[in-house]
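> Residue numbers 41 to 584, in the working numbering, belong to the letters of the sequence shown in order. The C-beta atom is built at its ideal place from N, Cα and C for all residues, glycine as well.
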Amino acid sequence: MLLVLVLWPIVCALLIAMAPARQARQIAFGGSLVVLALTVVAAFMFPWEDSAAYHALGVESVPFLPSLGVQMSFGVDAVAMWLIILTGFLAPLTIWGSFTAIQERERTYYAWLMALNAAMFGVFVARDIIFFYVAFEFTLVPLFILISLYGSANRKFAAIKFFLYTFLGSIIALAGLVYVAWKASAGIEGWTFQIDALQAAARMMSPREQALVMLALMAGFAVKVPLFPVHTWLPLAHTEAPTAGSVILAGVLLKLGTYAIFRFVLPFVPLAVNQHAGFIAVLSIVGIIYAGLICWVQTDVKKLVAYSSVSHLGFCVLGMFALNSVGAAGSVLYMINHGLSTGALFFCIGFMYERYHTRSMEEVGGLASRMPVWAFFMVFFTLASVGLPGLNGFVSEFMCLMGAFQSNAADLGAGGTGGPLGPWYAAIAGTGMVVAAMYLLIMVGKVVFGDLREPASHHDHHDESHLPADLSRREIGVLVPLALGCLVLGVYPRPILSTIEEPVARVMAQLQIDTPGETDLAADDVDGRAVEQLLVVQAGGVER
């Protein structure tokens, strides 16, 4: 099933490329619905009672270069499975939401959009570093094309900057992975690229080697998140990208970086992680506050939401490097919640742009009187992004902060190592929540409420677009599933938290190594007390 998830979007991309231009949209949407159906089937096939183990759900591996020991290996745990569900959920929405926005070169647009889905699935299902790295890098190509061909006025510069930043970082990460593969192959005939074998070899390395490998891996994965100070490509890429490109970028692509940190950095180099977690946490907190302050001076709504992603993903990384189960579980939940709420905000902004051809808060305002349905969704998703209790952003953000607060506690058991963070880290990062509430609510106050302001050329563009003044049924259909997701995960996040607790506890237990040479902890060796470290948030419905 995992192999089919990767191959089907590629087949769809080829069909779209060969089909008549007038049929590209229908083929893409139909293919994306099949992607969603395959995702649902995979979710039902996954044995959730054994969520910490990796399951191939069918074909385990496909030979690629047998002489070099290279094969495409498949396997997912609960963390990867939830990110696959997020990817499959967004696939038809991004295509459906593009029907009126894309009127030229539709075959190219939809074909590359489907190819991008295949690459993202590949990252989450890979169990060897060659397959992982090829899929990880290939995501650059479709998004580069989507930005450079379908973006706004400064699209070519944005596409080049995006490509260079992420590609150069990935090359450094590849060097770190190859070094680990070389160490793993010492004393055996040939090379091995299986993630389990590389993890065991990396944990045997000296503290200095682990530090260098961590530096290399973080250089590549932090750019993808992006983590301060290597974040400068993101606001420009978001601003210039077409709406669907921004939705996928915020919804899934940024999570490739946080997922890679969770999957490779934490379990591969525990000595280095324990030593340098405080430094990574400081970078995260600086990014949270710095990006929030930058948002205050933005007049472009899309750029403001783009900078807010830098701030939000700072919480995600902070929770991960709290080195306990509370923070790490909150981080994984944040990956999913951010994909829903911020992706939905980009949809709302895109629908506004199709009508007014501007995103400037100086040119539009008071749109609630003109577009009341749009205004409802805009306010709803803004509150979800702010972290209003009862909506999805609150639980994950609170857990990341609580993880940082409890980081240096002595009684975490197997749920963590007793990390270097503590109450001061959480308190300073918590100011980012206040800053976020201020700039997002100010944005809503200007754009949604107040006196109606419209560009002078609005009526001309409106006549050309043939769009209704308020949202169409198609646009409402795009936003309703996202709104339901934000509401359900805000009220009852337990289905996710209860299934990720075992894989999270396993990774946290793997950080409890004091000297190189100890063997990897098996899932069965994880102390049951780690499960108890998941935060009980009564208002958010989180419980063991």
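Leaving aside the five residues before and after Phe172 along the sequence, list all residues of the same chain whose C-beta is less than 7 Å from its C-beta, in chain order.
Numbered from its first residue, the sequence shown carries residue 172 at position 132. If we look at Phe172 and ignore the five residues flanking it on each side, its Cβ neighbours are Val163 and Ala166.
> Please list the segments of the alpha helix (DSSP H) lying wholly inside the stretch 338-387, counting only runs of 4 or more residues, in order along the chain.
Listed in chain order, the complete alpha helix (DSSP H) runs (minimum 4 residues) inside the stretch 338-387 are 341-360.
> Please specify which runs of the beta strand (DSSP E), each continuous and at least 3 residues long, are wholly inside the stretch 73-138, giving them in chain order.
DSSP runs (the beta strand (DSSP E)) wholly in the stretch 73-138: 101-105 and 110-113.
> Would you mind working out which of Trp273, Val345 and Pro463 sits nearest Ala362, comparing C-alpha positions?
By 1-based counting over the sequence shown, the position of residue 362 is 322. Ranking Trp273, Val345 and Pro463 by Cα distance to Ala362 puts Pro463 first.
> Whole angstroms is fine: what's the gap from Pro429's alpha carbon to Tyr374's?
Sequence index remark: in the sequence shown, residue 429 carries index 389 (1-based). Sequence index remark: in the sequence shown, residue 374 carries index 334 (1-based). For Pro429 and Tyr374, the distance between alpha carbons rounds to 14 Å.
> Using the C-alpha atoms, what's the distance from Ala290 back to Leu524?
On the sequence shown, residue 524 is found 484 positions in, with the first residue counted as 1. On the sequence shown, residue 290 is found 250 positions in, with the first residue counted as 1. The alpha-carbon atoms of Leu524 and Ala290 are separated by roughly 18 Å.
> Is the separation between the beta-carbon of Ile56 and that of Tyr150 shorter than 7 Å?
Working through the sequence shown from its first residue, we reach residue 56 at position 16. Working through the sequence shown from its first residue, we reach residue 150 at position 110. In contact: Ile56 and Tyr150 (Cβ atoms closer than 7 Å).
> Taking all protein chains shown into account, decide if Leu183 is buried (16 or more other Cβ within 10 angstroms of its Cβ) or exposed.
Looking up residue 183 in the sequence shown gives position 143. Label assigned to Leu183: buried.
> Counting Cβ pairs, one atom from each stretch, are 3 or more of them under 8 Å apart for the stretch 124-143 and the stretch 57-74?
In short, these stretches touch, since the Cβ pair count reaches three.
> So, does the stretch 231-239 touch the stretch 99-117, judging by three or more C-beta pairs under 8 Å?
With the cut-off at 8 Å, the stretch 231-239 and the stretch 99-117 touch.
> On a Cα-Cα basis, can you pick out the residue from Ile124, Trp273 and Val326 that is closest to Asn194?
Numbered from its first residue, the sequence shown carries residue 194 at position 154. Considering only alpha carbons, the answer is Trp273.
> Which of the three DSSP states, helix, strand or coil, is assigned to Arg410?
Within the sequence shown, residue 410 is the residue found at index 370, counting from 1. In this structure, Arg410 counts as coil in the three-state DSSP scheme.
> Work out the CA separation of Cys440 and Gly379 for me, nearest whole Å.
Against the sequence shown, residue 379 aligns to sequence position 339. Against the sequence shown, residue 440 aligns to sequence position 400. The straight-line gap from Cα to Cα measures roughly 16 Å.
> Measuring CA to CA, which of Gly297, Val488 and Cys335 is closest to Leu353?
Sequence index remark: in the sequence shown, residue 353 carries index 313 (1-based). If we check each option's Cα against that of Leu353, Gly297 comes out closest.
> Given this structure, state the Cα-to-Cα distance separating Leu214 from Ala384, to the nearest angstrom.
If you number the sequence shown from 1, residue 214 lands on position 174. If you number the sequence shown from 1, residue 384 lands on position 344. The alpha-carbon atoms of Leu214 and Ala384 are separated by roughly 33 Å.
> When the Cα atoms are used, what is the spatial distance from Gln446 to Leu252?
Translated into positions along the sequence shown, residue 446 becomes position 406. Translated into positions along the sequence shown, residue 252 becomes position 212. Distance between the alpha carbons of Gln446 and Leu252 is about 28 Å.
> Taking the alpha-carbon positions, what's the Glu494 to Phe391 distance?
Within the sequence shown, residue 494 is the residue found at index 454, counting from 1. Within the sequence shown, residue 391 is the residue found at index 351, counting from 1. Looking at the two C-alpha atoms, the distance is approximately 15 Å.
> Distance check for Tyr347 and Ser400, CA to CA, integer angstroms please.
Counting from 1 along the sequence shown, the entry for residue 400 is found at position 360. Counting from 1 along the sequence shown, the entry for residue 347 is found at position 307. Near 15 Å, if we compare the C-alpha coordinates of Tyr347 and Ser400.
> Go through the stretch 504-558 residue by residue and report every complete run of the alpha helix (DSSP H) that reaches 4 residues or more, in order.
With a minimum length of 4 residues, the continuous alpha helix (DSSP H) runs that stay inside the stretch 504-558 are 513-531 and 534-550.
> Rounded to the nearest angstrom, what separates Ala424 and Ala241 at their Cα positions?
By 1-based counting over the sequence shown, the position of residue 424 is 384. By 1-based counting over the sequence shown, the position of residue 241 is 201. Those two C-alpha atoms are separated by around 42 Å.
> Taking the continuous alpha helix (DSSP H) assigned at Val46, which residues delimit it?
Working through the sequence shown from its first residue, we reach residue 46 at position 6. Segment Leu42 to Met58, the alpha helix (DSSP H) holding Val46.
> Can you tell me where the alpha helix (DSSP H) with Ser210 in it begins and where it stops?
By one-based count along the sequence shown, residue 210 stands at place 170. Start and end: Arg195 to Ala224.
> Enumerate in chain order the residues of its own chain whose CB-to-CB distance from Pro60 is below 6 Å, with the five nearest sequence positions on each side excluded.
Position 20 of the sequence shown, counted from the first residue, corresponds to residue 60. Cβ neighbours of Pro60 beyond the five flanking positions: none.
> Check whether the Cβ atoms of Leu217 and Ile288 sit closer than 7 Å, and answer yes or no.
Here residue 217 is taken as the residue at index 177 of the sequence shown, counted from 1. Here residue 288 is taken as the residue at index 248 of the sequence shown, counted from 1. Contact: no.
> Return the CA-CA distance between Gly427 and Val51, expressed in angstroms with no decimal places.
Working through the sequence shown from its first residue, we reach residue 427 at position 387. Working through the sequence shown from its first residue, we reach residue 51 at position 11. So the two alpha carbons sit approximately 39 Å from each other.
> Can you name, in chain order, every residue of its own chain whose Cβ lies under 7 Å from the Cβ of Ile125, other than the five neighbours on each side?
Taking the sequence shown and counting its residues from 1, the one referred to as residue 125 is at position 85. Contacts found: Thr79 and Ala83.
> Are at least three pairs of beta-carbons, each pair with one atom in the stretch 266-283 and one in the stretch 326-344, less than 8 Å apart?
Result yes; three or more Cβ-Cβ pairs closer than 8 Å.
> Give me, in chain order, the residues of the same chain whose beta-carbon lies closer than 8 Å to that of His316; leave out the 5 immediate sequence neighbours on both sides.
Here residue 316 refers to the residue found at position 276 when the sequence shown is read from its first residue. Result list for His316: Ala251 and Met254, in chain order.
> According to DSSP, is Arg399 part of a helix, a strand, or is it coil?
Walking along the sequence shown from the start, residue 399 turns up at place 359. It is coil, neither helix nor strand.
> Out of curiosity, what's the CA-to-CA distance linking Phe319 and Gln550?
As a position in the sequence shown, residue 319 is number 279, starting the count at 1. As a position in the sequence shown, residue 550 is number 510, starting the count at 1. Phe319 and Gln550: Cα-Cα distance of roughly 20 Å.
> Among Ser210, Leu43 and Glu144, which residue has its Cα nearest to the Cα of Ser98?
If you number the sequence shown from 1, residue 98 lands on position 58. The sequence given here has Gly at residue 98, not Ser. The shortest Cα separation from Gly98 among Ser210, Leu43 and Glu144 belongs to Leu43.
> Tell me which residues share the same chain as Ala199 and place their Cβ nearer than 6 Å to its Cβ, disregarding the 5 neighbours each side in the sequence.
Position 159 of the sequence shown, counted from the first residue, corresponds to residue 199. If we look at Ala199 and ignore the five residues flanking it on each side, its Cβ neighbours are Phe184, Ile187 and Ser188.
> Going by DSSP in three states, Arg493 sits in which element: helix, strand or coil?
Along the sequence shown, read from residue 1 onward, the residue named residue 493 stands at position 453. It is a strand residue.
> What is the rounded straight-line gap between the Cα of Val528 and the Cα of Val413?
Residue numbering aside, residue 528 sits at position 488 when the sequence shown is read from its first letter. Residue numbering aside, residue 413 sits at position 373 when the sequence shown is read from its first letter. Rounded to whole angstroms, Val528 to Val413 spans 20 Å at the Cα level.
> For Gly405, name the three-state secondary structure that DSSP assigns.
Stepping through the sequence shown from its first residue, residue 405 is reached at position 365. Residue state, collapsed to three classes: strand.
> Based on Cα-Cα distance, which residue from Gly530, Cys526, Gly405 and Leu344 lies nearest to Gly485?
Working through the sequence shown from its first residue, we reach residue 485 at position 445. Looking at the Cα atoms, Gly405 is the closest of the given residues.
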